[in-house]
Every structure is written in C-alpha cells, then in structure tokens.
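Single-structure report; data block below.
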Amino acid sequence: MGILEVKGVNKRFGGLQALGDVNLSVAENTVHAIIGPNGAGKSTLLNCLVGKLIPDTGSVMFDGQSVLGRAPYEINQMGISRVFQTPEIFGDLTVMENMMIPCFAKRDGAFELNAMPSVGSQKDIIERAESVLEDMNMADKRHMHSASLSRGDKRRLEIGMCLSQEPRLLLLDEPTAGMARADTNNTIDLLKQIKDERDITIAIIEHDMHVVFSLAERITVLAQGTPLVEDTPENIKGHPKVREAYLGE
Ligand code: ADP
Ligand code: MG
C-alpha cells in the first residue's frame, strides 16, 4: 500500500476525457515523477489529489483515508502540501511573513491576514518558519520584500512555505518551469536535500528530463489522460512506448 493510492479515476471536462481510468500508487518516502506531453492530464490529476477538482469516478486515498469530498484546506491538514505551476506568494509581504502564513492556515484552516501581528507571538510557528528558512539557505533574506526576490528564490520560498507545514506528501507541478539552468540545478539540489533530511514523500510533475532523472525513483508516464507505463527511471529511459509517445521517437 502506498501513502497515496489513486484508483480508477476519471475526469471529464464536457466532451473531453481529461483523465481516463487512472491508477497510481506512490510509495512512502520516495520521489515519484509524473511525466507526459502537454495536455496529458498531469495538472488535472494533481488537482484531483488536493480537492481542487473532484473526479467523476474513482478513489483517492491518502494514508488510508479518502480525500474525496474534503475541502482543499482539510486535505492540506491531512498532510498534503502543494507547489503550484506558477509561484503563488504574497509579493507585498516579507519572506518571513510568507513562511508563517501556511503554518497558520494549516493550524487554523483559515485566518484573517490583518490578525498577523497578534499571532506574531506564536513562538512555535516562528521557530519552525525560521528553521526551514535556514535549511533553505534563505535566512539572510527573511526581512526582504518577497516581490523583490529573484525568480529562483521565489520558487525556493514557495517550496519553503510548503515545508513549513511539515507535510507528509509534497506535490510539485513543474517546479523548474521557466527557470534558467543554474536555478534548475539549485532546485534539484534543494529537493535532494529535502528528501534526504526529512520523512517526506514527493510527487513531482516535471517536463525537464534532467530534473526527472536526477530525482525520481519511480516514474509514471501519462498520455492522453491514461497511465502508459510505470517503472524505474532506467527502464523508462529505454521503453519503446515511452520513446514513441513522449520523447517523439
Ligand atoms: P497537463 O498538465 O498534462 O499539461 P492538463 O491536466 O492541464 O494537462 O489538461 C488536460 C486536458 O484537460 C487538456 O486538454 C486541457 O485543455 C483540459 N483541461 C484542463 N483543465 C480544464 C478545465 N478546467 N476545463 C476544461 N478543460 C480543461
Ligand atoms: Mg500542467
């Protein structure tokens, strides 16, 4: 049994079958990549895991409990944190304030932004946010206005915001999209470090094969909404169906 078990998930948008009978099992404490061409249904699948979309049929179990029918914040409280395809940070707030928001959100489900100063005395949350910032090599930027961070640091902050929630499952949707090579390599190193230092499972959607083959222990190839093959990176590299459907050979 994986920490995440997806069985027979279907999702239609009008006449379009975005997901067709998807089965996926992600083993605990592994990095599992989901790859596939544009429009394959990768983001749709991820949205079904976090409650942003509800599958038409099928089941999604996290740590033995169904996530279906739960609100996104409840799924987040179960231990799933998610990094979006485009960075979602509060540009007007400092790095430290951004780090604290997900901690409050996870603890309280919802909160008033203007209540931040009064909860500033919450020592445990501040300490957790600070310790993650240190792990991420961003402690010196804690008072910076987040909008002024580089693109790579914004992505780093976003990953840090997820980690501050101490998730058991971290979901990343194309974390290196639009990044320069140096930032991509920094992100690979950061994710390797996270994986080595924490009890965490990572499911990553990624286009860049260099990232996929640097990190993944298992790979699922999605094509036209259906898993084509699931295997180790070594076997995926040489798989004729994958070369044909995904690598365009
Ligand atoms: P990927 O992330 O693999 O590129 P998506 O999951 O974003 O693919 O999209 C899968 C298919 O579903 C695409 O054809 C896309 O246009 C369609 N799609 C995604 N979201 C919606 C939506 N909210 N409404 C209608 N069609 C959608
Ligand atoms: Mg996508």
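Residue numbers for the sequence shown follow my numbering, so the first one is 1323 and each next one is one higher. Glycine included, each C-beta is placed from N, C-alpha and C at the ideal position. Being a predicted model, the structure only gives us computed values, none of them experimental.
Item: Does DSSP classify His1532 as helix, strand or coil?; Value: helix
Item: Please list, following the chain, all residues that have a C-beta closer than 5 Å to any non-hydrogen atom of the ligand ADP.; Value: Phe1335, Ala1340, Asn1360, Gly1361, Ala1362, Gly1363, Lys1364, Ser1365 and Thr1366
Item: What separation, rounded to the nearest whole angstrom, lies between the Cα atoms of Gly1358 and Ile1522?; Value: 24 Å
Item: Which whole-angstrom value describes the C-beta separation of Leu1537 and Ile1510, a residue pair presumed to lie in contact below a C-beta threshold of 8 Å?; Value: 6 Å
Item: Does the ligand MG have even one heavy atom less than 7 Å from the beta-carbon of Asp1495?; Value: yes
Item: Do you know how far the Cα of Asn1508 is from the Cα of Pro1555?; Value: 21 Å
Item: The alpha helix (DSSP H) spanning Gln1487 covers which residue range?; Value: It is not in any alpha helix (DSSP H) - Gln1487 carries neither H nor E in the DSSP assignment.
Item: Which residues mark the beginning and the end of the alpha helix (DSSP H) in which Gly1519 is found?; Value: The identity of residue 1519 in the sequence shown is Glu, whereas the question assumes Gly. Note, Glu1519: alpha helix (DSSP H), Arg1503 to Glu1519.
Item: Cβ of Ile1325 within 8 Å of Cβ of Val1405?; Value: no
Item: Under three-state DSSP, which class holds Lys1333?; Value: strand
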